[in-house]
Every structure is written in structure tokens, then in C-alpha cells.
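Undergrad: Protein chains in written order, with the numbering used here: chain A, 31 to 149; chain B, 66 to 204. For glycine and all other residues, C-beta sits at the position ideal for the given N, C-alpha and C. The model shown is predicted, which means the values in this text are computed figures rather than measured ones.
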Amino acid sequence: MAGLSISALLIRFTLGGLAVVISTLVARKLGEKAGGIFAAFPAVYLAALLTASLDFGGAELVNYSILLSKGAMVGMTINIVIAIIAGYLLPRKGWKKGLAQAVGCWFIISMAVVVLISY
Amino acid sequence: MNTKDLLIRFLLGGAAVMLSYLVTVISPWKILAGIFAAFPAVMITAVLMMGIVSGSKNAAKVANGSVYGMIGGVVCVATVWVTLTISNNWLFSIFLGLVLWLVSSIAVSIARERMKNIHLKYVKNIVGQMREVQIRHNK
């Protein structure tokens, strides 16, 4: 188990909060679809890179960031599928049921992909 | 929209991303930690808030818009990866990745809208031609 870092928590909190606020403001000004683009701001990935800069430096930081990016490619691809599923389910099932089912799909797909990659 | 509303959204968005990180650190199961490392917390929160305030239709629009942002996310990660490999410049790679995230997200969104419009025009033309044929046939 990796250690819990307060700075890592704070970076994630700030980036996540800002992304949701910007998404809301853009949705108000330019419409919901434009707001949706900012809702997909890669906050988790960016936070992971920034946190890595606190623990590593120089060539080690570059190598770790490349490794992180390889893993993030898989996660981002799954998230595209989940966003498509959410866009399909929400108008048909209502936002509560639709969102819950989309999160369920994300969990199942992610689990299957991780199992496939691991074994 | 007042400051209090934006503050609640900020707290919720921040908490969601922070919680997904906590799961990756605290979870005793490595597999669960790996899965939550890519949890789309910001999108889920944004869709949830839009659902509460404006209903399912607008929440679906945010989800549809986030597809473009997620495609931009893949472009961002690929850019950081390639630029890091070529230049070894960490800060520049992240900056370029973020710029290309926004540019590619907007480009994909515009391209999709144009394709939709072209498709609509094509369908309208076909329907128009069919009507003309029907009118001629009736005469």
C-alpha cells in the first residue's frame, strides 16, 4: 500500500473542484455540450503527474511520468466508452438510474480490462 | 448562479477526485486501486449536479459533451507520453498535453456537428426527392 500524502490530496481536491466549477460556468455561457468538454478535464491524470513531481526529479520523474501515461491511456479509453454509455442511458432511464448504471458499467469494464491485462 | 452554488460544486468535485485517490491508497486490493486510479470523478460530479439542477436532458448533454473531452484526454496523454520520450522536458510535455487536450476536444466536437449537419442535409434531400416523385406520380 502506497503512503497517503496530504499534498497529493490537496492537488486532487483543487483540480477536481476547479474542473467542476469551470465546467458549470462554461455550460452556462456556451451550452451543456461545451461544459461537458471541461467535465472531462483530465484532473486525476494531471494530479498524478504533479504529485509525482513532489516525489521524483530529473530522469526518474520523466520515466515515472511515461509509465503513468501508459496506464492512463487505458483508463481514458474506458472513460470514452462510459461517457457514450452515460449519454445514451441518461435521457432514457432518467439521470439517477442512468448515472448509476453508467458507473456500474465503468466498474465492470474496468475490472474486466484490469483482469485481462494482469493475467 | 451565486457564489454559494459554485462553492458547493467546487467542494463536491474536489471531494470526488480526492475520494477516488483515497480508494487507490487505502484499498487492500491492488486491482481496486488500479481501477479507481482512472475513475471519471469530475464527469460524474458534473453530470450529477446538472441532473439535480436542470434534469436528465441537460445532464445527458453534459455526458455527450464529455465524450469529446475524453477523446481529448487520450490525445493529451499520448502527447505527454510522446513529448516526454522525445524531449525529456517534463513541464513542456504537460503544457503541450493540456493545450492539445482543449484543441482536440473542440476540433472533434466541431467535426461531429458538421458531420451531423451534412447527414441531415442528405436525409432532407432524399425526402425532398421522394416527395417530388410522389407528386409527379399522383399527377
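Near residue 114 of chain B, what residues of its chain come up, given a Cβ to Cβ distance below 8 Å and the 5 sequence neighbours on each side ignored?
TA: The sequence position of residue 114 of chain B within the second sequence is 49, counting from 1. Once the five neighbours on either side are set aside, the close Cβ partners of residue 114 of chain B are 74, 77.
Undergrad: Pull out every residue of the segment 180-199 of chain B whose Cβ sits closer than 9 Å to any Cβ of chain A, in chain order.
TA: Residues: none.
Undergrad: With the cut-off set at 8 Å, would you say residue 116 of chain A and residue 173 of chain B are in Cβ contact?
TA: Sequence index remark: in the first sequence, residue 116 of chain A carries index 86 (1-based). Sequence index remark: in the second sequence, residue 173 of chain B carries index 108 (1-based). No; because the gap between Cβ atoms is not below 8 Å, this pair is not in contact.
Undergrad: Say whether the segment 118-125 of chain A touches the segment 119-128 of chain B, bearing in mind that this needs 3 or more beta-carbon pairs closer than 8 Å, one atom from each stretch.
TA: A contact exists between the segment 118-125 of chain A and the segment 119-128 of chain B.
Undergrad: Run through chain C and tell me which residues come within less than 7 Å of residue 122 of chain B, C-beta to C-beta.
TA: No chain C is part of this structure, whose protein chains are labelled A and B.
Undergrad: Between residue 148 of chain B and residue 195 of chain B, what straight-line distance do the alpha-carbon atoms span, to the nearest angstrom?
TA: For the purposes of this step, residue 148 of chain B is taken as the residue at position 83 of the second sequence. For the purposes of this step, residue 195 of chain B is taken as the residue at position 130 of the second sequence. Roughly 53 Å between the two C-alpha positions.
Undergrad: Out of A/91, A/104, A/110, which one is the CA nearest neighbour of residue 108 of chain B?
TA: The residue labelled residue 108 of chain B in the question sits at position 43 within the second sequence. Comparing Cα positions, the closest option is A/110.
Undergrad: Check the C-beta distance from residue 145 of chain B over to residue 95 of chain A and give it rounded, since I have them as a contact under 8 Å.
TA: Here the question's residue 145 of chain B lines up with position 80 in the second sequence. Here the question's residue 95 of chain A lines up with position 65 in the first sequence. Confirmed, Cβ separation roughly 7 Å.
Undergrad: Check the Cβ-Cβ distances between residue 134 of chain A and every residue of chain B, and say whether any is below 8 Å.
TA: For the purposes of this step, residue 134 of chain A is taken as the residue at position 104 of the first sequence. No, because no Cβ of chain B sits closer than 8 Å to the Cβ of residue 134 of chain A.
Undergrad: Could you tell me whether the segment 88-103 of chain A touches the segment 166-186 of chain B, where touching means 3 or more Cβ pairs closer than 8 Å?
TA: no
Undergrad: My understanding is that residue 91 of chain A touches residue 41 of chain A, with C-beta atoms under 8 Å, so please give their C-beta distance in whole angstroms.
TA: Counting from 1 along the first sequence, the entry for residue 91 of chain A is found at position 61. Counting from 1 along the first sequence, the entry for residue 41 of chain A is found at position 11. Their Cβ separation, rounded to whole angstroms, is 15 Å, which puts residue 91 of chain A and residue 41 of chain A out of contact at 8 Å.
Undergrad: What do you get for residue 72 of chain A, buried or exposed, if any count of 16 or more other CB atoms within 10 angstroms of its CB means buried?
TA: As a first step, residue 72 of chain A must be located in the first sequence, where it is residue number 42. Flag for residue 72 of chain A reads buried.
Undergrad: Report the residues of the segment 106-117 of chain A with a CB closer than 8 Å to any CB of chain B, ordered along the chain.
TA: 106, 107, 108, 109, 110, 112, 113, 114, 116, 117
Undergrad: Between the alpha carbons of residue 143 of chain B and residue 83 of chain B, how many angstroms are there, rounded?
TA: Against the second sequence, residue 143 of chain B aligns to sequence position 78. Against the second sequence, residue 83 of chain B aligns to sequence position 18. Their backbone Cα atoms lie some 24 Å apart in a straight line.
Undergrad: Quick one: is residue 126 of chain B near chain A, going by C-beta distance under 8 Å?
TA: The sequence position of residue 126 of chain B within the second sequence is 61, counting from 1. Chain A, which has a Cβ nearer than 8 Å to the Cβ of residue 126 of chain B, makes this yes.
Undergrad: Starting from the beta carbon of residue 160 of chain B, find every residue of chain A whose beta carbon is closer than 9 Å, and list them in chain order.
TA: The count along the second sequence starts at 1 and reaches residue 160 of chain B at position 95. Per Cβ cutoff of 9 Å: no residues; residue 160 of chain B is ~11 Å from chain A at best.
Undergrad: Could you tell me how far apart the beta carbons of residue 51 of chain A and residue 161 of chain B are, in whole angstroms, since I believe they sit closer than 8 Å?
TA: Counted from its first residue, the first sequence places residue 51 of chain A at position 21. Counted from its first residue, the second sequence places residue 161 of chain B at position 96. Residue 51 of chain A to residue 161 of chain B, Cβ: 25 Å. No contact.
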